[in-house]
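Inspection log for the structure reproduced underneath, given as structure tokens.
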Amino acid sequence: LRMSFMSDSSDYKPEKSDYGEGGEDGNNPAAPLRGEVDMADVPVHDEIPVPMSRNNVGNRFLALVFDRDQSSKLEGAEEEDVSELLWEMHHERVTLTEDHVMWARKQNLYNETFNTGSMADVLWSHQLLSSDLQRTIGHAMCIDSPTIQHCREALSRDPVIQNLLGVDPETGQCDVSSIPLYRWRQIRDHTLRRDDGRDGLPSMALGFDRQEAMSDGLREEVFEDHLEYLIRSERVISAGPLHVATEEKTDPKSVAVGTLVFFNAKDRENAVEFVENDPASLAGLYGTMTVHRYNNLDVTGKFVSENLYFPDQNTYQMKDAMAHWGYPVDDQQTKWLNW
């Protein structure tokens, strides 16, 4: 009773009580009410808040990994063998998907005693599908890192990329210089943050500007119409322009070269129609535009709490994996995991 009046900041005062001075017993106004815990007897524990990632510096790099462009398997292959090779690459990617997810999760987990050298966070990784939805053809990945070099070092340890590009047997290094890397400047508007899969299936539109459009100001001319179109559609998950991946994001050479939009669509035809009716597309901004369905992989490594709704499902596998890696799963540095 006493706490309820304190919390709502009412004008209640002890002297207005129907009981005598000092409360119900009429003696000690500070005496705990029946069933109330005296806070003086409760031990105090100093809690350390979960620290923000040191890599959350606004340097969001987009890596586009298309298997057909990166693999050497198709070099010199006969036309009749291409289909079989593409299916082989699909099966290899599916087999390595769990390794890819675990690599990203481990990349994101670090504290004062574990993985302290991590300098890149994998914010998301989307597995791209073929137009007929039968095969995986690559993945788009967003990495937050202070420098391009740290970003590429992280990419070089991705099991899927290592399988595509190979690893130097002498150095044990994977050369990822062929992986396209861009700065992604996500539009910070709450109306462009729909849940993926709501009212449709998650799709990705990737458009690159015409060479002439990079200098004639067309992108700036159509931006407001483009933005209004995305907002009014009420289907965009996230969106933003792609820029040249310079070392500093304020570098004048980091000009916009394309657009990346994630959105929900009922089917492929609906997705293509949405992209084609974008004012930027109608104005002729893009030289190439592709649309892909994708699977959103859970690479954060933070969804490991007990499943209260479906207790039979084992959701602690990630915790067991981190313990195997040597991550201190019961320490004070990992509150989100131990609560």
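According to the numbering used here, the sequence shown holds residues 365 to 703 in order. Note that beta-carbon positions come from the ideal geometry of N, C-alpha and C, so glycine has one too. These figures come from a predicted structure and were not determined experimentally.
Checking 8 Å against the spacing of the C-beta atoms, do residue i and residue j come in under that value?
| i | j | result |
| --- | --- | --- |
| residue 490 | residue 468 | no |
| residue 507 | residue 485 | yes |
| residue 561 | residue 628 | yes |
| residue 658 | residue 578 | no |
| residue 453 | residue 435 | yes |
| residue 610 | residue 617 | yes |
| residue 601 | residue 566 | yes |
| residue 519 | residue 427 | yes |
| residue 664 | residue 527 | no |
| residue 482 | residue 632 | no |
| residue 464 | residue 532 | no |
Going by C-alpha distance, which of the options is nearest residue i?
| i | options | result |
| --- | --- | --- |
| residue 684 | 454, 431, 461, 466 | 466 |
| residue 639 | 592, 583, 571 | 571 |
| residue 431 | 589, 455, 422, 425 | 455 |
| residue 514 | 541, 502, 535 | 541 |
| residue 524 | 511, 624, 623, 459 | 459 |
| residue 583 | 596, 619, 502, 559 | 619 |
| residue 596 | 633, 448, 554, 660 | 554 |
| residue 559 | 654, 626, 445 | 626 |
| residue 662 | 461, 443, 446, 439 | 461 |
| residue 516 | 573, 537, 653, 607 | 537 |
| residue 581 | 533, 621, 433 | 621 |
| residue 587 | 599, 573, 598 | 573 |
| residue 654 | 447, 501, 563, 444 | 501 |
| residue 656 | 447, 598, 630 | 630 |
| residue 563 | 535, 598, 576, 585 | 598 |
| residue 651 | 660, 585, 576 | 576 |
According to the neighbour-count rule (16 or more other Cβ atoms, all chains shown, within 10 Å of its Cβ), is residue i buried or exposed?
| i | result |
| --- | --- |
| residue 648 | exposed |
| residue 641 | exposed |
| residue 451 | exposed |
| residue 477 | exposed |
| residue 614 | exposed |
| residue 557 | exposed |
| residue 552 | exposed |
| residue 604 | buried |
| residue 497 | exposed |
| residue 474 | buried |
| residue 414 | For residue 414, the pLDDT reaches just 49, beneath the cut-off of 50, and the residue's location in the model is therefore unreliable, leaving the point undetermined. |
| residue 646 | exposed |
| residue 378 | With a pLDDT of 48 at residue 378, under the threshold of 50, the modelled position of that residue is not reliable, and the figure given next carries that caveat. Classification for residue 378: exposed. |
| residue 429 | buried |
Please work out which residues of its chain come closer than 7 Å, Cβ to Cβ, to residue i, disregarding the five sequence neighbours upstream and downstream, and give them in chain order.
| i | result |
| --- | --- |
| residue 593 | 642, 643 |
| residue 637 | none |
| residue 449 | 437, 438, 441 |
Within the same chain, show all residues whose beta-carbon is closer than 8 Å to that of residue i, passing over the 5 residues directly before and after it, in chain order.
| i | result |
| --- | --- |
| residue 424 | 487, 506, 507, 508, 547, 548, 549, 550 |
| residue 480 | 474 |
Could you pull out every residue in the same chain whose Cβ sits closer than 6 Å to the Cβ of residue i, ignoring the five residues on either side in sequence?
| i | result |
| --- | --- |
| residue 589 | 643 |
| residue 591 | none |
**Request:** Please specify which runs of the beta strand (DSSP E), each continuous and at least 3 residues long, are wholly inside the region 541 to 579, giving them in chain order.
**Result:** 545 to 548, 565 to 573
**alpha helix (DSSP H) runs contained entirely in the region 468 to 550, provided each spans 4 or more residues** = With a minimum length of 4 residues, the continuous alpha helix (DSSP H) runs that stay inside the region 468 to 550 are 512 to 519, 523 to 529.
**Item:** Runs of beta strand (DSSP E) lying entirely within the region 597 to 669, each at least 3 residues, in chain order
**Value:** Within the region 597 to 669, the complete beta strand (DSSP E) segments at least 3 residues long are 600 to 608, 620 to 629, 650 to 661, listed from N- to C-terminus.
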